[in-house]
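Asks:
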Amino acid sequence: METFIYPDDVLTTAGRLWIEVVDFAIAYSFSVLGAIILIIAGFIVAGALQRWTYRGLGRFPSFDETLRRFLSKVIRYSVLVLVGVTVLAQFGVQTASIIAALGAVGLAIGLALQGTLQNIAAGIMLLVLKPFRVGEYIDAGGIAGTVQEIGLFATELTTFDGVYVLTPNSELWNRAVTNYSRNPTRRHDLAIRIGFEDDINRACDILMELALADKRVLAVPAPETMVTEIRDSDVIVNLRYWTAASDYWSVRFALNKAAKLAFDKNGITIPYPQHSVHYTPRDASSAPAK
């Protein structure tokens, strides 16, 4: 049996569809308009907060530049995520499920990038606590060099012989760091061996004269000399002095050379390590008979 569609039915159906489209447009027009306004306002607010945070942290002279940029971007993207969730809520989307999904995605990413996140966390702690700064010479369990840059993931160093080293921040954070440049002054003990027959007082006087003659040696704390040890084959005389951290190596090398030349000039010896062996011949009469 054939079915006939009359023109009146077609018009009625089209009219109903048009009415539904109009109702849908009216119902969601305010939601679309509100979503557009939220997106525009969200980008404006996110940018403004990023700039305010960056400028506000810049008022603290000791606050690191890398950390300023990182925190300001975190605030910007946090606002944008909040705006995105709010826009979806305008259209009746269940935001609770979206937040749960974002949490699950964040957890998965955190597990996948566990090592990277450790470096980021360590980088933030290094930037906040500042165990070392750019330009300082450090040694962290064998990782030694002058700090060139402290990033969120890794720290760049240059060794004393000019070799580039890139170290993950977690490696530096989990080790004891010795900072040779942080304090303005450093102490050095110049210990020299002399013979038993040499004049100890004269040796100490020579070392003191050398220290007082070098203007890079600090007057406070004052340099001092002492006999630190008497060993089997020599006596240890020691010159203890303080100098600026920047002059430490140059003064050390200069005084080493000057001390050797002064001791040679004054006849004070620097003995070689030696052992005395005493031989006592046996009496032939006491030897057992064969």
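For the sequence shown, this note's numbering assigns the number 2 to the initial residue and increments by one for each residue that follows. Beta carbons are placed, not taken as given, at the ideal position from N, Cα and C, and that holds for glycine.
1) For E157, report the span of its beta strand (DSSP E) as first-last.
2) Could you check the C-alpha separation between G268 and L256 for me, to the nearest Å?
3) Around the Cβ of N120, are there at least 16 other Cβ atoms within 10 angstroms (buried) or fewer (exposed)?
4) Please state whether the Cβ-Cβ distance between V84 and L39 is less than 8 Å.
5) When the Cα atoms are used, what is the spatial distance from S171 to K74?
6) Per DSSP, which residues does P282 bridge with? Please list them.
7) First and last residue of the beta strand (DSSP E) that includes V236?
8) Give the DSSP-derived three-state secondary structure of I271 in the structure shown.
9) In angstroms with no decimal places, state the Cα-to-Cα distance between S234 and E198.
10) Use the C-beta contact count for R283: other C-beta atoms within 10 angstroms, 16 or more gives buried, fewer gives exposed.
11) Looking at the structure shown, is A223 part of a helix, part of a strand, or coil, going by DSSP?
12) Can you give me the Cβ contacts of K258 inside the same chain, cut-off strictly under 6 Å, excluding the 5 residues immediately before and after it?
13) Can you list, in chain order, the residues of its chain with a C-beta nearer than 6 Å to that of M209? Leave out the 5 residues immediately preceding and following it.
14) At which residues does the beta strand (DSSP E) containing E150 begin and terminate?
15) Could you spell out the range, first to last residue, of the alpha helix (DSSP H) harbouring Y249?
16) Tell me the DSSP secondary structure of D200 in three-state form.
17) Kindly indicate which three-state DSSP category A214 falls into: helix, strand or coil?
Replies: With the given structure in hand:
1) Unbroken beta strand (DSSP E) run through E157: A155 to T159.
2) 18 Å
3) buried
4) yes
5) 22 Å
6) Answer is none; P282 lacks a bridge partner.
7) V236 to A245
8) coil
9) 11 Å
10) exposed
11) coil
12) none
13) T226
14) I144 to I151
15) Y249 to K266 is the extent of the alpha helix (DSSP H) around Y249.
16) coil
17) helix
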